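Each residue of the sequence shown is one higher than the one before, starting from 20 at the first, in my numbering.
Ideal placement from N, C-alpha and C gives every residue a C-beta, glycine not left out.
This structure is a prediction, so every number in the text was calculated from the model and none was measured.
Input: a single structure, listed below in structure tokens.
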Amino acid sequence: MFKQVLDPLGNLGLTVLVALIPVLFLLVLLAVFRVTAWLATLIGSILTLIIAIVVWQVPVG
């Protein structure tokens, strides 16, 4: 059974900053690079999935 880790990096502030990366990336794609919303959301979702697997060690299977 998967047990959720709330502070995977050992520092709450750093964990919050890592959790904000997909949101900030999405906003930059939309506002600065003027990427269409569906493409920015797709890229943001992929980035979120990668961060969840690498940092929070969410099981893939």
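Residue range of the alpha helix (DSSP H) that residue i falls in?
i, result
"G63", "56 to 73"
"G29", "Note, G29: premise wrong, no alpha helix (DSSP H); not H, not E."
Tell me whether residue i is buried or exposed, calling it buried when 16 or more other Cβ atoms sit within 10 Å of its Cβ.
i, result
"A59", "buried"
"L48", "buried"
Using the Cα positions of residue i and residue j, report the straight-line distance between them to the nearest angstrom.
i, j, result
"L28", "V74", "8 Å"
"N30", "V24", "12 Å"
Closest by CA to residue i, which one among the options?
i, options, result
"L61", "V42, Q23, K22", "V42"
"T34", "V79, I70, G80", "I70"
Can you find at least 3 beta carbon pairs, one from the segment 64 to 78 and one from the segment 35 to 54, that sit closer than 8 Å?
yes
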